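See below for the structure under consideration.
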Amino acid sequence: MKTIDLTTWARRKQYAFFRGFARPHFSLCAEVDCTRLLEELKPAGVAPFNAVLWCLLAAANDVPELRQRLRGDQVIEHAQVHPSVTVPTAEDGFAFCHLSFDPDWASFDRDCRAAFAAAAARAELVDAEGDHWLYLSCLPWVSFSSMSNPVRGPDDCVPRITWGRFAQREGRWKLPVAAQVHHALVDGRHLGRFYAGVERRLAELTA
Numbered sequence: 049m050k051t052i053d054l055t056t057w058a059r060r061k062q063y064a065f066f067r068g069f070a071r072p073h074f075s076l077c078a079e080v081d082c083t084r085l086l087e088e089l090k091p092a093g094v095a096p097f098n099a100v101l102w103c104l105l106a107a108a109n110d111v112p113e114l115r116q117r118l119r120g121d122q123v124i125e126h127a128q129v130h131p132s133v134t135v136p137t138a139e140d141g142f143a144f145c146h147l148s149f150d151p152d153w154a155s156f157d158r159d160c161r162a163a164f165a166a167a168a169a170r171a172e173l174v175d176a177e178g179d180h181w182l183y184l185s186c187l188p189w190v191s192f193s194s195m196s197n198p199v200r201g202p203d204d205c206v207p208r209i210t211w212g213r214f215a216q217r218e219g220r221w222k223l224p225v226a227a228q229v230h231h232a233l234v235d236g237r238h239l240g241r242f243y244a245g246v247e248r249r250l251a252e253l254t255a
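Heads up, the sequence shown is in the working numbering, so the first residue is 49 and it goes up one at a time.
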C-alpha cells in the first residue's frame with residue numbers, strides 16, 4: 049500500500065472537484081463478449097461464475113484507480129484488492145464471502161469452491177474489515193442494461209461490480225457488467241480500461 053501525494057497527483061483537480069459532492073458515485077454498464085467461455089470452456093468443465101469473477105478481479109487489479117481508496121484527507125493505493133462476493137444460500141438468501149485474489153486462475157478456482165461452500169453454510173451478512181476489497185455480485189436472472197448499488201455515504205469508495213445473465217446476440221454470447229465507482233478516484237476512461245481488460249482475460253482464459 050502507498051499514499052498518494054495529492055500535491056503532484058495528476059488527478060488532483062478532479063479529486064478536489066468531486067470530493068465534496070453529496071452523491072459522488074457514478075455507474076456504468078457495458079456488455080462483454082463471453083462466447084469462448086460458454087462454448088469452449090464451460091463444456092470443458094470451467095465454472096462460468098468462478099471464471100467471470102476471476103476475470104473481473106484480474107482486470108480491476110490492472111487499473112490502479114480501482115485500487116485507490118479515500119482515508120480521511122488522504123488517498124491510498126493498495127497493491128492488490130480482493131473479492132467480497134455474494135453467494136446464494138437456502139431460502140432465497142445470500143451471504144458475503146471474503147477471500148483472497150490469486151493471479152493464478154487454477155488456484156483461485158480451487159479457493160472459490162471451498163470458500164463459497166463455507167460462506168453459504170454460515171449464511172451471514174458480515175462486512176469485510178478494511179477497504180482492500182471489491183464488492184461483487186451476480187444477478188443471473190436478468191440481462192440488465194443499468195444497475196446501481198447502495199452505499200453507506202459519500203466517502204464509501206469501494207467499487208461495486210455486478211454481472212448479470214448471459215444473452216445471445218447475433219451468434220455471440222454477451223454478459224452485462226455494471227461498475228459503480230467514486231468519481232473523486234475513478235473516471236470513465238479508467239472503466240474503459242477495466243472493460244477492455246475483462247474481455248481480454250475472457251479471451252485468454254484456459255480450462
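Even for Gly, the Cβ is constructed at its ideal location relative to N, Cα and C.
This structure is a prediction, so every number in the text was calculated from the model and none was measured.
1) For M195, count the other beta carbons within 10 Å of its own beta carbon; 16 or more makes it buried, fewer makes it exposed. Which is it?
2) Per the contact definition of three or more C-beta pairs closer than 8 Å, is the stretch 64-80 in contact with the stretch 218-232?
3) Check each candidate in A167, A64, T56 and name the one with the smallest Cα separation from C145.
4) Using a Cβ-Cβ cutoff of less than 6 Å, which residues in the same chain neighbour H231 once the five nearest sequence positions on both sides are dropped?
5) Grab the span of the beta strand (DSSP E) containing F74 for me, first residue to last.
6) Q116 bridges to which residues according to DSSP?
7) Just confirm the distance between the C-beta atoms of A143 and R161, as a whole number of angstroms; I'd bet it's less than 8 Å.
8) I need the straight-line Cα distance from E172 to W221, nearest angstrom please.
9) Is A138 helix, strand or coil by DSSP?
10) Counting Cβ pairs, one atom from each stretch, are 3 or more of them under 8 Å apart for the stretch 201-214 and the stretch 181-188?
11) Report the residue from T56, V111, T55, G68 whose alpha carbon sits nearest the alpha carbon of D204.
12) Check whether the stretch 244-254 touches the stretch 97-104, taking contact to mean three or more Cβ pairs, one atom from each stretch, closer than 8 Å.
13) Would you say H126 and S148 are within 7 Å of each other, going by their C-beta atoms?
14) Classify A107 as buried or exposed, calling it buried when 16 or more other Cβ atoms lie within 10 Å of its own Cβ.
15) Less than 7 Å between the beta carbons of R241 and V111, yes or no?
16) Verify whether the separation of the beta carbon atoms of Q128 and L233 is less than 7 Å.
17) Between D157 and T134, what straight-line distance do the alpha-carbon atoms span, to the nearest angstrom?
18) Could you check the C-alpha separation between V94 and A255 for me, to the nearest Å?
19) Write down every uninterrupted run of the alpha helix (DSSP H) in the stretch 91-115 whose length is 4 residues or greater and which is fully enclosed by it, in chain order.
Well, looking at it:
1) Counting Cβ neighbours within 10 Å, M195 comes out buried, since at least 16 surround it.
2) In this structure the stretch 218-232 lies against the stretch 64-80, because at least three pairs of beta carbons, one per stretch, are closer than 8 Å.
3) Of A167, A64, T56, the residue nearest in Cα terms is A167.
4) Answer for H231: F66, P72, F74, listed in chain order.
5) That run of the beta strand (DSSP E) goes 73-81.
6) Residue pairing by DSSP places Q116 opposite E125 in a beta bridge.
7) Actually they do not touch by this definition, with Cβ atoms about 15 Å apart.
8) Taking C-alpha positions only, E172 is separated from W221 by approximately 34 Å.
9) A138: coil per DSSP, three-state reduction.
10) Yes: the two stretches touch, three or more of their Cβ pairs being nearer than 8 Å.
11) Measuring from the Cα of D204, the nearest candidate turns out to be G68.
12) Result yes; three or more Cβ-Cβ pairs closer than 8 Å.
13) No, Cβ-Cβ distance for H126 and S148 is not below 7 Å.
14) Burial of A107 is indicated by the presence of at least 16 other C-beta atoms within 10 angstroms of its C-beta.
15) Going by beta carbons, R241 and V111 fall inside the 7 Å limit.
16) With respect to the 7 Å criterion, Q128 and L233 are not classified as neighbours on the basis of their beta carbons.
17) Looking at the two C-alpha atoms, the distance is approximately 16 Å.
18) In a straight line, the C-alpha of V94 is about 6 Å away from that of A255.
19) Here the runs fully enclosed are 96-109.
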